[in-house]
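Okay, so here's the structure we're looking at.
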Amino acid sequence: MKEFFASLYEWFGLMPLYSTDMGDQLRGWDITCTDYIGTPWYVYIGWIMIIITALVYALQYHIIDSSRWNKKHHWWIFALLIFVLNFLIAFTIPFNTVNAGDFCNQLNLSIADCIGFGLSNAIWSFIFFLIISTIPLIRRFSTNCRNTTFWKP
Amino acid sequence: MTMKRYLPFILLILILTSCKSDFGSFNEEALTFANNDKRIDEKEYQKLLEQISGSDEKGFQQFKNDKGEIDNIKVVTYLLKYFKAKNVGFTANDIWQPVTNATQEIFNINVYLENSASMDGYVKGVTEFETAIYNLLGDFKISGLCDSLNLNYINKTIPYQKQNALPADIQDFIEKLEPSVFKQRGGDRSVSDLKNILSTVLKTVNNKNAAVLISDFVFSPGKNANAQDYLNNQGVGIKIDFAEKLKEFDLSAVVIQLQSNFDGLYYDKTDKPLSFKGKRPYYVWIFGSTQQISSILDKKVLDNIKGGYSNRLVLQSIKGISEPNYKILYSPKIGSFSAKQLNTKIISDASASKDNQNKGLFGFNVAVDFSKSLQDANYFLDTTNYILSNTKYQLKIETITYKNDASLSGFTHLLKLQTSELREEVLKIEIVGKTPSWVFNSTSIDDSNILNDKNEQQKTFGLQYLIEGISDAFYPKSNSNAINSISITIKK
Numbered sequence: 001m002k003e004f005f006a007s008l009y010e011w012f013g014l015m016p017l018y019s020t021d022m023g024d025q026l027r028g029w030d031i032t033c034t035d036y037i038g039t040p041w042y043v044y045i046g047w048i049m050i051i052i053t054a055l056v057y058a059l060q061y062h063i064i065d066s067s068r069w070n071k072k073h074h075w076w077i078f079a080l081l082i083f084v085l086n087f088l089i090a091f092t093i094p095f096n097t098v099n100a101g102d103f104c105n106q107l108n109l110s111i112a113d114c115i116g117f118g119l120s121n122a123i124w125s126f127i128f129f130l131i132i133s134t135i136p137l138i139r140r141f142s143t144n145c146r147n148t149t150f151w152k153p
Numbered sequence: 154m155t156m157k158r159y160l161p162f163i164l165l166i167l168i169l170t171s172c173k174s175d176f177g178s179f180n181e182e183a184l185t186f187a188n189n190d191k192r193i194d195e196k197e198y199q200k201l202l203e204q205i206s207g208s209d210e211k212g213f214q215q216f217k218n219d220k221g222e223i224d225n226i227k228v229v230t231y232l233l234k235y236f237k238a239k240n241v242g243f244t245a246n247d248i249w250q251p252v253t254n255a256t257q258e259i260f261n262i263n264v265y266l267e268n269s270a271s272m273d274g275y276v277k278g279v280t281e282f283e284t285a286i287y288n289l290l291g292d293f294k295i296s297g298l299c300d301s302l303n304l305n306y307i308n309k310t311i312p313y314q315k316q317n318a319l320p321a322d323i324q325d326f327i328e329k330l331e332p333s334v335f336k337q338r339g340g341d342r343s344v345s346d347l348k349n350i351l352s353t354v355l356k357t358v359n360n361k362n363a364a365v366l367i368s369d370f371v372f373s374p375g376k377n378a379n380a381q382d383y384l385n386n387q388g389v390g391i392k393i394d395f396a397e398k399l400k401e402f403d404l405s406a407v408v409i410q411l412q413s414n415f416d417g418l419y420y421d422k423t424d425k426p427l428s429f430k431g432k433r434p435y436y437v438w439i440f441g442s443t444q445q446i447s448s449i450l451d452k453k454v455l456d457n458i459k460g461g462y463s464n465r466l467v468l469q470s471i472k473g474i475s476e477p478n479y480k481i482l483y484s485p486k487i488g489s490f491s492a493k494q495l496n497t498k499i500i501s502d503a504s505a506s507k508d509n510q511n512k513g514l515f516g517f518n519v520a521v522d523f524s525k526s527l528q529d530a531n532y533f534l535d536t537t538n539y540i541l542s543n544t545k546y547q548l549k550i551e552t553i554t555y556k557n558d559a560s561l562s563g564f565t566h567l568l569k570l571q572t573s574e575l576r577e578e579v580l581k582i583e584i585v586g587k588t589p590s591w592v593f594n595s596t597s598i599d600d601s602n603i604l605n606d607k608n609e610q611q612k613t614f615g616l617q618y619l620i621e622g623i624s625d626a627f628y629p630k631s632n633s634n635a636i637n638s639i640s641i642t643i644k645k
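Protein chains in written order, with the numbering used here: chain A, 1 to 153; chain B, 154 to 645.
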């Protein structure tokens, strides 16, 4: 699971938005620089991203499920909410670690790495929201938003 | 409906607050215990042990041995490292640890002080020699290692013995010593037959008896002998004696070189007496089983000698190559590699540097713990004692002195490796047993001008032949003589 999320966030090695040192920190490289036995942030943040996105999706499509919130621009508002929330979570956690110096001193971590990881998480949450709200099979259980996607109505 | 609306947010909060691994909780709890009263007591320690035994998480595996039992030393080492990383000042004494039932093997220590005439200058008046040896013997007596401390003078025979010496006997043996007492306690003091002395002492060494030999170790070829032939023959004879002993016994030896004021007659290679006053080196040799020598070194008896010692050499029988604890550091490095397999001593995804400054170079550091070795820490700083399987690597060695760096905690030396020809391989680093350079620097082959040559005054006639003879027995030139080995797999 760790490597699954790692390759996702590191864009399969094609377009990493942050340094490999940040990647090691998120894999759980521990504070004593011994092994990947620290907190596996990739897994935690990955699951949080999936759950938040699913919850916000559920909020729009199944909890609010209102005819006043079923237009495409409403979809984009929820997408923005997901993007911002996930960015903040993925930025704040490593940012606090970097600020506190609570990481292996052999890693070279910067604020730019935190922003890069926040962006990476935000983009994946957007993609995930796009996918689950595009598949008709999932949204058909909604009463008022069953036809709401990013492009219609 | 209200509940249904808030359910997603309640769930979200629950998820966010429950993100903690068992190992993370362990760390947090240990830190809380440490911060509470600056110590971890028995109850707290037991709680931490319960957490370790109750989880199979990867982080806890480092505390368990092959049988899955918790190793308390590993737990304490980790906690100290972790607290250091968290800037909590802690020592091993602040952590409660279970009492181990290991009992210390005790053995007799037979001390042989060479009393040939050339030693008189070391005992005239109050000398550093007397103070240091008195201090050493006192430490042996109270170390808890010593069953019975037996004192002897030795030359061609053993003319004086004191079994199971009491503090007053030690004082009489060395502190109150004067040349006249040396003469009075007799024997043939005319020559230093070192081969014969070593052979006699060596015969006394066994699992119940270690031996300490104190001498200036200056060979006496005599007036009519060819000095070079004499030294060569003595060297060969000594080598044979030690080789025979090594066949039947797990022998180890420590040699320390000390300095003392000297006032008396120095006998040069032709046995011509020269009146000399000044500093002269002398030596303490300790022979015993590897276990006995290890116990003596662990007790720091030699390190506590008043005035200290100039050089140390440890010779150990090679029963097998030991692998010290070591770790490949992720940083600093030249070029790049992945940390993914570092814990299994594998450098993966290695590539040479593309920077202008280090273009084409690849380098990394290895932290090694040599503290369990019998050898002196300085021995591991000498690159000539290392053999690399790939000679294209350059090696530099430093002592680890950054006490506040948690990542280097528990390691003594830093090996810095660098190459311009990176390739996939298993890089083997061997530390070999050999005669250290100080022996050659301290050797004189012609001491006839000792009164005028300051350098010569700090040297010992024929020392190299003596030590090389013994070293050749321990480390035959036909063998690799590796005492420690480290392997690092490098994958591109």
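Cβ atoms here follow ideal geometry from the backbone N, Cα and C, with glycine treated the same way.
- Chain B places a beta carbon closer than 8 Å to that of Cys-104/A, counting this residue as a contact.
- With a beta-carbon spacing of about 5 Å, Ile-262/B and Cys-299/B fall inside the 8 Å limit used to define contacts.
- For Lys-234/B, the closest Cβ of chain A is nearer than 8 Å.
- DSSP places Gly-242/B outside both helix and strand once states are collapsed to three, so it counts as coil.
- Phe-429/B: not part of any alpha helix (DSSP H); member of the beta strand (DSSP E) spanning 426-442, first to last residue.
- The beta carbon of Gly-212/B falls within 8 Å of a beta carbon belonging to chain A, placing the residue at that interface.
- Annotated as distal: Ile-93/A and Val-56/A, with beta-carbon spacing of 8 Å or more.
- Assigned with DSSP and collapsed to three states, Asp-35/A falls in coil, not helix or strand.
- For Ser-484/B, the chain A residues whose Cβ falls inside 9 Å of its Cβ are Asp-21, Cys-33, Cys-104, Asn-105, Gln-106, Leu-107 and Asn-108, in order along the chain.
- Against chain B, a Cβ distance below 7 Å from Thr-39/A picks out Ser-174 and Gly-177.
- Assigned with DSSP and collapsed to three states, Leu-233/B falls in helix.
- When the five nearest sequence neighbours on each side are left out, the beta carbons in the same chain lying within less than 6 Å of the beta carbon of Gly-513/B are those of Ala-505 and Ser-573, in order along the chain.
- Here the C-alpha atom of Lys-234/B lies approximately 21 Å from the C-alpha atom of Glu-222/B.
- Ranked by Cα distance from Lys-545/B, the first of Tyr-555/B, Phe-533/B, Ile-582/B and Tyr-435/B is Ile-582/B.
- For the pair Phe-440/B and Val-358/B, the CB atoms are nearer than the 8 Å cut-off.
- For Gln-381/B, the enclosing alpha helix (DSSP H) covers residues 380-401.
- It is roughly 22 Å from the alpha-carbon of Val-276/B to the alpha-carbon of Asp-600/B.
- Within its own chain, the residues whose Cβ lies closer than 8 Å to the Cβ of Phe-216/B, once the five positions on either side in sequence are excluded, are Ile-205, Ile-223, Asp-224, Lys-227, Val-228 and Tyr-231, listed in chain order.
- In the DSSP assignment, Leu-289/B forms no beta bridge with any residue.
- Rounded to whole angstroms, the gap between the alpha carbons of Phe-627/B and Tyr-483/B is 37 Å.
- Judged by their CB atoms, Val-264/B and Leu-302/B are nearer to each other than the 8 Å cut-off.
- Residue contact check for Asp-558/B against chain A: a CB pair falls below 8 Å.
- Here Gly-417/B is bridged, per DSSP, to Phe-429/B.
- Straight across, the Cα-Cα distance linking Gln-410/B with Ile-553/B is about 25 Å.
- Boundaries around Cys-114/A are those of the alpha helix (DSSP H), 111-134, since no beta strand (DSSP E) includes it.
- For Asn-188/B, no beta strand (DSSP E) segment is defined; the enclosing uninterrupted segment is the alpha helix (DSSP H) at 175-190.
- Under the DSSP assignment, Ser-368/B falls in the beta strand (DSSP E) whose first and last residues are 362-368.
- Pairing Ser-463/B with Leu-404/B gives a Cβ-Cβ distance that is not under 8 Å.
- Taking 8 Å as the cut-off, the beta carbon of Leu-109/A is found closer than this to the beta carbon of Asp-21/A.
- Following the DSSP letters along the chain, one finds Glu-609/B in no beta strand (DSSP E) but inside the alpha helix (DSSP H) bounded by residues 607-610.
- Against chain B, the CB of Asp-113/A has no partner CB under 8 Å away; the residue lies outside that interface.
- Nearest C-alpha to Gly-615/B among Lys-239/B, Phe-593/B and Glu-551/B: Phe-593/B.
- By the neighbour-count definition (other C-beta atoms within 10 Å, threshold 16), His-73/A is an exposed residue.
- Taking C-beta separations shorter than 8 Å and ignoring five residues to either side along the sequence, the partners of Val-579/B in its chain run Ser-542, Ser-640, Ile-641, Thr-642 and Ile-643, following chain order.
- Measuring C-alpha to C-alpha distances from Leu-384/B to each of Phe-395/B, Phe-370/B and Ala-396/B identifies Phe-370/B as the nearest.
- Distances from the CA of Asn-414/B to each of Lys-191/B, Ser-560/B and Phe-282/B were compared; the closest alpha carbon is that of Phe-282/B.
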